[in-house]
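Going by UniProt numbering, the residue at position 194 of the sequence shown is 194; the numbering climbs one at a time, nothing skipped. Even for Gly, the Cβ is constructed at its ideal location relative to N, Cα and C. To start, the structure itself, in structure tokens.
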Amino acid sequence: MTQQSMQESGGVEVIDIESLPDDALILPIAMMGAPTVMVEKFPSGNEFAQLIPMIEKMLTKPVAAILCIEAGGLNSTIPFVAASKLGLPIIDGDAMGRAFPELQMVTFTLGGISATPMAMVDEKGNGCNYATISNSWTEKLARAITIEMGGSAMCSLYPVSAKECKEYLIKGSLSLIHHIGSIIEKHSFNAYEILVKELNGKHLFQGRVRDVERRTEGGWNRGIVKLEGVDDFVNRDAKIDFQNEFLVAMEGDKVLATTPDLICMFDANTGTPVTAETIKYGLAVNILGLPCDPIWQSKEAIEMIGPRYFKYDIDYQPL
């Protein structure tokens, strides 16, 4: 869908937030719901023409640019569809520096910026908008509506000024994604080793998937991946818990990595990333840990996105 939209429109301009005046309106676009549902229940592509006017009417101001709310999965590509269909540029950056499962888990929340007014539509044309007392309440209400919309929906949220965006944006993340993709495309077989070095990462585990427990629950894709070690990790086992995104990696009682640091899975044979919804039994994988953006290491941030928020009896220890 993204490739088709880009081809039809001739491409999308990726711009630096500093190039916009402080009062410009920046609008994040995202899909909300369980990725396993999104794979089968894909958007129609007409949602954007409905979403943008809903927000512009509430704010009485035209949108100047589109923003990725997160730098991972579908929500690092869907905004390009919106930008290409609407003829708008997209900002080089995002509000997570990775992907988190709940919509209040963004840098804008740390800055006291409201997720609302927020608009949401489904592929049938149903639409609604929100005004809430907190971003946590926005998550609860939007998640409930998403479930009623069939498990996934398109939304626009966190409408921000360029001034606010300049202060809280994790800048350059789209350029970084492009760089990582170029390495994988060019080097394939040894891309993983290159990424470990270039991204200051930590090789956490190497093994084969021996079991996957996966369920769609509460509007999320939840589960556990169990790995059987190979090569340097032979006779060792690990597991990774996920809620849309990988949250905690363990080897026995040893904590390998936790949110907000990134836990990344790569196909050991092709070097391509493996997401929670695409894991398969028997797949040979490498597990890479990457340090999160420093903005996520404050006490306030850890309370919002650290392991204890997700009910794990673990304290966050930076990689």
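What number of angstroms, rounded off, separates the C-alpha of Asp293 from the C-alpha of Thr107?
10 Å
Compare the beta carbon distance of Tyr168 and Gly111 with 8 Å and say whether it is the shorter of the two.
yes
For Val121, which of helix, strand or coil comes out of DSSP?
strand
Bridge partners for Val209 per DSSP, in chain order?
Leu227
Is it buried or exposed, Ala144, if we count other Cβ atoms within 10 angstroms and call 16 or more buried?
exposed
What would DSSP say about Phe80, mapped onto helix, strand or coil?
Looking at Phe80 - three-state DSSP - the assignment turns out to be helix.
What does a CB cutoff of less than 6 Å around Asp267 pick up in its chain, not counting 5 residues either side in sequence?
Val274
Hey, would you say Glu139 sits closer than 8 Å to Gln104, going by beta carbons?
yes
Among all the DSSP beta bridges, which residues are the ones paired with Asp94?
Ile170
Would you call the CB atoms of Val14 and Leu176 closer than 8 Å?
Not closer than 8 Å, so no.
Could you check whether Ile17 and Ile91 sit closer than 8 Å to each other, using their CB atoms as the reference points?
Going by C-beta atoms, Ile91 is nearer than 8 Å to Ile17.
Along the chain, where does the alpha helix (DSSP H) that runs through Tyr192 open and close?
Tyr192 -> alpha helix (DSSP H) spans 191-198.
Could you please give the first and the last residue of the uninterrupted beta strand (DSSP E) stretch that includes Lys140?
Here Lys140 belongs to no beta strand (DSSP E); instead the alpha helix (DSSP H) covers 135-148.
Got a sec, what are the start and stop residues for the beta strand (DSSP E) Gln317 sits in?
Note, Gln317: premise wrong, no beta strand (DSSP E); not H, not E.
Which one of Gly93, Thr278, Glu47, Phe246 has the shortest CA to CA distance from Lys85?
The shortest Cα separation from Lys85 among Gly93, Thr278, Glu47, Phe246 belongs to Glu47.
Just checking, does the stretch 300-312 make contact with the stretch 254-262 on the three C-beta pairs under 8 Å criterion?
yes
Could you tell me which of Pro21, Ala115, Ser134 sits nearest to Ala30, measuring between CA atoms?
Ala115
Do the stretch 200-208 and the stretch 175-191 make contact, defined as three or more Cβ pairs closer than 8 Å?
no
Considering only the beta carbon of each residue, do Ala153 and Val121 sit closer than 8 Å?
yes
If you pair each beta-carbon of the stretch 186-193 with each one of the stretch 118-137, do three or more pairs fall below 8 Å?
no
Taking 8 Å as the cut-off, decide whether the C-beta atoms of Leu199 and Leu290 are in contact.
yes
Assign Gly125 to one of two classes, buried (16 or more other C-beta atoms within 10 Å of its C-beta) or exposed (fewer than that).
Label assigned to Gly125: exposed.
Ignoring anything shorter than 4 residues, give me the alpha helix (DSSP H) runs that lie fully in the stretch 258-302, in order along the chain.
none
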